[in-house]
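Residues in the sequence shown are numbered from 0 upward in steps of one, following numbering that gives the first Met the number 0.
Presented below is the structure to which this report refers.
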Amino acid sequence: MPKYKPYKTEIVDPSGVDTSILPRPMEMGSDETRDAKVKETSGEPIVDYAGETNPYIDYQSIDILLSLQHPRSEGYDELCFIVMGQVKEMLFKGFHFELKNAQMQIREDNLENAMEILTRAIAYAKYIADTWNVLSTISTEGFSEFRNNLGTASGQLSFMYRHVEFVLGNKSKRLATAHKNVSHVWPEIERSLNSPSLYDDVIQLLNRRGYNIDEEMLDRDWSKTYQHNSSVEEAWLKIYQKAEPTNDLYNLGEKLTSLDENFSIYRWRHFLTVQKIIGYKPGTGGSAGVGWLEKVTSHRFFPELWSIRTNL
Ligand code: HEM
């Protein structure tokens with residue numbers, strides 16, 4: 000990007016922001032109130048609101064949200080890095096919500112709901128991967144202008160991302176430990192580390208549907224990363240013998256594969272972008288950088304759904 004001290008856009012005067020994180024009180028609308036309003040306004044949008052705010056701002060606390068971007072350097076690229084970092088955290092939150100709900104619906108044997116939810120989860124994964132389109136416009140020199148301001152801050156400290164990895168079954172006690180000192184975050188991370196993943200619930204479902212799953216897969220140490228198991232592979236192989244749209248477990252298998260595929264694309268694009276921006280320099284979070292990211296890139300959440308392909 001151009002190398003000059005950027006013109007800073009001041010959008011919100013922070014002194015006027017109600018910084019409470021609680022939902023703000025709002026009036027409910029209805030078809031009747033909207034019908035009455037549109038008569039009053041002759042079809043033009045409302046522009047006169049009493050008080051110091053309006054319902055759009057209040058519904059999602061937009062003024063707080065837009066007051067949370069604080070570049071710490073004069074580097075042109077830093078605002079882009081901060082905005083995209085925050086956007087990604089939001090997307091991880093939405094993605095995780097869908098994954099958790101898909102897991103719960105599978106637990107309740109409601110595959111129809113789970114499939115609908117997983118379709119959205121896949122759309123999230125694709126969207127998250129596309130955020131690298133914007134981030135990869137950051138140049139090596141542009142990144143160097145603010146990299147020191149990060150100190151040891153690094154994406155590997157993202158607790159939201161860790162929740163995503165954990166619900167998908169890629170557990171790590173070590174990486175979870177990074178959040179132990181954060182009392183408002185740690186209890187949920189610890190719970191998530193020690194709980195069955197979405198795929199663990201899928202395996203329970205296969206077992207309920209009569210596939211012969213090894214006992215040790217049905218009650219294992221959930222804090223351990225899921226590892227390939229031959230009884231699970233055998234079950235998928237049988238399911239894939241009937242690769243038809245009427246076979247709901249086959250449909251589920253394909254959905255999960257697509258989820259894994261799209262999340263791998265996200266990871267791969269992160270790795271590539273990092274390689275392009277910092278080359279082989281160490282990461283800010285203490286890792287060797289691209290070398291470490293390359294290793295995590297090869298992880299697959301649902302290994303049997305990949306390994307069966309050779310035998311189909
Ligand atoms: C664009 C510049 C970026 C660079 C150069 C970069 C670099 C790195 C590096 C080197 C690591 C390895 C850990 C370490 O820091 O030592 C890492 C990890 C990570 N980064 Fe980035 N990153 C960038 C942007 C982002 C953004 C915007 C996000 C999203 C919030 C992000 C999310 C992550 C996550 C979640 C990890 C941990 C991966 C895992 O646990 O598998 N990165 N990044």
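Backbone N, C-alpha and C fix where the C-beta goes; we use that ideal spot for every residue, glycine too.
Every value quoted in this text rests on a predicted model; they were computed, and no experiment measured them.
Proximity test, Y75 beta-carbon vs the ligand HEM heavy atom, cut-off 7 Å: no
Using DSSP with H/G/I as helix, E/B as strand and the rest coil, what is W221? W221: coil per DSSP, three-state reduction.
Is it the case that the Cβ atoms of I61 and Y55 are separated by a distance below 8 Å? yes
Beta-carbon contacts of G284 that lie in its chain and below 7 Å, excluding the five residues immediately before and after: T151, S153, Q155 and L156
Compare the Cα-Cα distances from G28 to each of K36, L21 and P13 and report the closest residue. K36
According to DSSP, is P44 part of a helix, a strand, or is it coil? coil
Please check the pair L197 and Q102, which I expect to be a contact at CB under 8 Å, by giving their CB distance rounded to whole angstroms. 4 Å
Go through its chain and collect everything with a Cβ distance to L65's Cβ below 7 Å, but skip five positions before and after it. I10 and V11
Suppose contacts are defined by Cβ-Cβ distances below 8 Å. Is G168 in contact with Y123 by that definition? no
Using a Cβ-based criterion (distance less than 7 Å to any ligand heavy atom), does V231 qualify as near the ligand HEM? no
Check whether the region 129-145 and the region 272-283 touch, using three or more Cβ-Cβ pairs below 8 Å as the test. yes
Looking at H269 and the ligand HEM, is the gap between the Cβ and the nearest heavy atom below 7 Å? yes
Alpha carbon to alpha carbon, how far is N310 from P195? Give it in angstroms, no decimals. 28 Å
Consider the C-beta atom of G168 and the heavy atoms of the ligand HEM; say whether any pair is separated by less than 7 Å. False, no ligand heavy atom lies under 7 Å from that Cβ.
Limits of the unbroken alpha helix (DSSP H) element including G15: No alpha helix (DSSP H) contains G15, which DSSP labels as neither H nor E.
In terms of residue numbering, what span does the alpha helix (DSSP H) encompassing F96 cover? E77 to R106 is the span of the alpha helix (DSSP H), which, as asked, contains F96.
beta-carbon G282 near the ligand HEM non-hydrogen atom, thresh 7 Å: yes
Could you name the residues of the same chain whose beta carbon sits closer than 8 Å to that of M159, not counting the 5 residues immediately before and after it, in chain order? E88, F91, K92 and H95.
Suppose contacts are defined by Cβ-Cβ distances below 8 Å. Is Q203 in contact with L217 by that definition? Between Q203 and L217, the C-beta gap is smaller than 8 Å, which places the two residues in contact.
Mapping the DSSP letters down to three states, classify E312 as helix, strand or coil. In this structure the chain extends from 0 to 311, so residue 312 is not present and cannot be described.
Measure the beta-carbon distance from I137 to C79 and round it to whole angstroms, keeping in mind my assumption that it falls under 8 Å. 6 Å
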